[in-house]
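So the sequence shown is residues 161 to 657, counted in the working numbering.
All C-beta atoms, glycine included, are put in the ideal place defined by N, C-alpha and C.
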Amino acid sequence: MIGPARGGRVTAIAGVPSQPTTFYFGSTGGGVWKTTDAGANWNNISDGQIPLGSMGAIEVSLSNPSVIYAGTGSSKIRSNVSTGRGMYKSTDAGKTWKFSGLRDVGQISTIRVHPSNPDIAYVAALGNAFVPNVDRGIFKTTDGGKTWTKVLYVSDSTGAADVELQPGNPNVLFASMWHGQRKPWTIVSGAREGGIYKSTDGGEHWTKLGGGLPTDLVGRSNVAISAAEPKRVYALIEAKPGGGVYRSNDEGTTWTLVNGAQTLWTRPFYYTTLGVDPTNADIVYVGNEGWFKSTDGFKTFQTARVPHGDNHDVWINPTNPKIMIQSNDGGANVSLDGGNTWSSQYNQPTAEIYQVALDNQFPYRVYGAQQDNTTVIVPSLPLGTGMADEWRTGPGCETGPIVPNRTNPTIVYGGCKGQFTRMNIISGDEKQYWVGTQSLYGNGGADLIYRFQRVSPMEVSPHEAATVYYGSQYVHRTRDEGVTWDKISPDLTAYPP
């Protein structure tokens, strides 16, 4: 592995209450990782055993922390989605893993294990994110994952986004059902059949909850319950109308919209992150682009500091709420002081790289664009200063592309959805140009003159160093490093709008 050492997107995390410095995370591109020193060092524990990198959920048994369940396929869907391949289980604290069923449930959202019996577990599965299928909903095992029973099913297009057990009574469950689908041209989130369901008999029977909850279009939702007040239930709900943070004081019978600020449910199909302090039910956390904390049950809230934006999950130690792990598009980070300080994300090489290019130096450099970070330039062989210090950023944005000049590797070209940048990586000087006179931002697809995708192709001519090709629905060519551009192809769209 040559780098970068910087972390990538993480949507699954867990901790071990009896081992306060041991944590796990599942990344969307790098498998399962473990730390035993509160995030000072992370080690991959799934390579060669779990056959894909995208993880959707991870849970450690409270009664036997050697038992870990991991679900593949992140349910926090976006433009790039890797379909899951079922459940995996470890009985030796992550040293070895075995397949544990549910091969066709697609994206796995949440796993919850019975607090006193590690053989009883529940899985919330979104299903295949691309097409309708019946392998979605809430699943239960009573034999440690050898067999699974579907205990809650709504339809072939509505899966599960969350399942939670009531502290002190694991026979009481809450599940959030969600119609979420990734189409080639858009993301669908929400339907009238979505919502929150409750079971009082270990998942055998379920009732859809009302009592003040949204009843029209309901999208993704998440549930959180504090052991300090098990009858109080919080829900973060995407809905039109009526999205926001809801609260029930009677185990879900009646609900009140506590705070409907749009800030709390921005881009909900990708976030909808909710957590509550296990010792104080008034302390609640919400994550999306920002990270928010409330000390009065979300009547009011403040922005809290975390290492990176785009926040996906939080786990709080049930015996000591100052010990927590939180995840986002930059990785996973641990706090031992209630979120005042966090561990580094520059020790977990799990970056999602959109594209790769090479130059002709020795050692040659590798160029790529890292999701929700920057472009990166990495030497193919160590230069002697240590991996974390040997990569650097380049031109362009998180989506890239980034390519080097073929004859002068100090000149690098980058892109960002139709913008073109020429950068001298020695001096840092940049020149930026638009291909055409129209920005991608603020214009609908039908109104765009040039439809550059998030990840648009770019190539440098092998014959003329200053000639670069850049693709929208047309092929564009510059012969002067981006100052002027020619359109050299017809519209190549398969089905023009």
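Item                                                                                                                                                                : Value
Quickly, what does DSSP pair S454 with across the bridge? List them, please.                                                                                        : V444
Using the C-alpha atoms, what's the distance from D473 back to N488?                                                                                                : 7 Å
Can you pull the DSSP bridge partners for C576?                                                                                                                     : Q579
Would you call the CB atoms of N382 and D322 closer than 8 Å?                                                                                                       : yes
How would you label W366, buried or exposed, when you count the other beta carbons within 10 angstroms and need 16 or more for buried?                              : buried
What three-state label does DSSP hand A165 in the structure shown?                                                                                                  : coil
Which same chain residues, not among the five before or five after G420, have their C-beta less than 6 Å away from its C-beta?                                      : G404
Could you tell me whether the Cβ atoms of Q515 and G560 are closer together than 8 Å?                                                                               : yes
So what's L424 in DSSP terms, helix, strand or just coil?                                                                                                           : helix
Since G167 contacts I205 with CB under 8 Å, what's their CB separation in whole angstroms?                                                                          : Not a contact, Cβ separation roughly 16 Å.
Return the chain-ordered list of same chain residues with a C-beta closer than 6 Å to the C-beta of E411, the five sequence neighbours on each side being excluded. : K391
Between N533 and the rest of its own chain, which residues show a CB-CB distance below 6 Å, the 5 nearest in sequence each way excluded?                            : E558
I need the DSSP call for G605, collapsed to helix, strand or coil.                                                                                                  : helix
Starting from N533, follow its DSSP beta bridges and name the residues at the other end.                                                                            : Its beta-bridge partners do not exist; DSSP assigns none.
Under 8 Å, with one C-beta from each stretch per pair, do the region 230–237 and the region 194–212 reach the 3-pair mark?                                          : yes
What is the rounded straight-line gap between the Cα of V563 and the Cα of F612?                                                                                    : 17 Å
On the three-state DSSP scale, how would you describe G596?                                                                                                         : coil
For I228, count the other beta carbons within 10 Å of its own beta carbon; 16 or more makes it buried, fewer makes it exposed. Which is it?                         : buried
Give the list of continuous beta strand (DSSP E) stretches no shorter than 3 residues that lie fully inside the region 255–315.                                     : 267–273, 281–287, 297–301 and 309–312
So, using beta-carbon positions, are G304 and D279 closer together than 8 Å?                                                                                        : yes
Taking 6 Å as the limit between beta carbons, can you name the residues of its chain near C576, skipping five residues before and five after?                       : G556 and C557
Please state the DSSP three-state secondary structure of P180.                                                                                                      : strand
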